[in-house]
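Numbering (our numbering), first residue to last: 43 to 224.
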């Protein structure tokens with residue numbers, strides 16, 4: 043039950059990053075996704091992996107709060123295709139996690155597929171560097187959680203590396219001329 047809940051939370055966070063344009067919405071999406079990925083990592087690889095992903099996601103979310111469009115701006119006008127993408131990704135990830143593959147870890151497969159589909163889609167969909175960096179953070183967290191898939195649990199460095207990449211993406215500065223071009 044915990045794995046399914048963590049998978050849903052990871053999807054909710056990645057979906058918030060997809061549909062949000064404001065810094066608060068993006069930060070909430072990154073933090074929520076990190077919480078879900080940490081829950082998945084806890085189940086698959088233990089508390090050290092969960093702590094690495096949660097810390098990286100928290101740092102990335104804090105970094106998102108400092109730059110970008112002000113406010114929440116969740117599901118602004120014209121975001122219907124992004125909402126449809128989130129729902130479609132959840133359905134496909136559920137199908138992959140429950141039907142296409144077998145064995146334990148359906149929540150892990152669901153969360154990994156959702157993060158590894160929604161984050162790159164948002165990177166390509168937006169020309170705002172703050173939104174793109176938020177999606178990069180979610181992508182790193184998803185890749186870190188996905189490292190638990192396979193015959194043996196991944197080494198702790200893979201989770202630490204994912205957390206560091208997510209944290210760095212949250213704090214990368216955006217040059218003013220790049221922001222003005224967006």
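Built from N, CA and C at the ideal position, the CB exists for glycine as well.
Report the three-state DSSP secondary structure of residue i (helix, strand or coil).
{"i": "residue 62", "result": "strand"}
{"i": "residue 117", "result": "coil"}
Any chance the CB of residue i is under 7 Å from a heavy atom of the ligand MG?
{"i": "residue 133", "result": "Absent from the structure shown: the ligand MG. Ligands present: none."}
Between which two residues does the alpha helix (DSSP H) holding residue i run?
{"i": "residue 106", "result": "89-106"}
{"i": "residue 209", "result": "198-213"}
Would you report the Cα separation of residue i and residue j, rounded to the nearest angstrom?
{"i": "residue 211", "j": "residue 175", "result": "5 Å"}
{"i": "residue 146", "j": "residue 80", "result": "18 Å"}
{"i": "residue 67", "j": "residue 159", "result": "19 Å"}
{"i": "residue 180", "j": "residue 109", "result": "17 Å"}
{"i": "residue 100", "j": "residue 205", "result": "9 Å"}
{"i": "residue 191", "j": "residue 106", "result": "29 Å"}
{"i": "residue 113", "j": "residue 149", "result": "32 Å"}
{"i": "residue 214", "j": "residue 118", "result": "25 Å"}
{"i": "residue 102", "j": "residue 141", "result": "33 Å"}
{"i": "residue 138", "j": "residue 47", "result": "17 Å"}
{"i": "residue 151", "j": "residue 188", "result": "7 Å"}
{"i": "residue 73", "j": "residue 171", "result": "18 Å"}
{"i": "residue 93", "j": "residue 62", "result": "26 Å"}
{"i": "residue 70", "j": "residue 143", "result": "31 Å"}
{"i": "residue 120", "j": "residue 65", "result": "18 Å"}
{"i": "residue 45", "j": "residue 97", "result": "19 Å"}
{"i": "residue 208", "j": "residue 56", "result": "13 Å"}
{"i": "residue 157", "j": "residue 186", "result": "10 Å"}
{"i": "residue 154", "j": "residue 75", "result": "11 Å"}
{"i": "residue 77", "j": "residue 218", "result": "31 Å"}
{"i": "residue 58", "j": "residue 91", "result": "23 Å"}
Taking only beta-carbon positions, decide if residue i is within less than 8 Å of chain B.
{"i": "residue 51", "result": "In the structure shown, chain B cannot be found, because there is only a single protein chain."}
- Within the stretch 134-194, note down every full alpha helix (DSSP H) run reaching 4 residues or more, in order along the chain. With a minimum length of 4 residues, the continuous alpha helix (DSSP H) runs that stay inside the stretch 134-194 are 148-167, 171-188.
- Query: Would you say the stretch 107-124 touches the stretch 160-179, given that touching needs at least three Cβ pairs under 8 Å?
  - Reply: The stretch 107-124 is in contact with the stretch 160-179.
- Would you be able to state if there are at least three C-beta pairs under 8 Å between the stretch 128-135 and the stretch 82-92? The stretch 82-92 is not in contact with the stretch 128-135.
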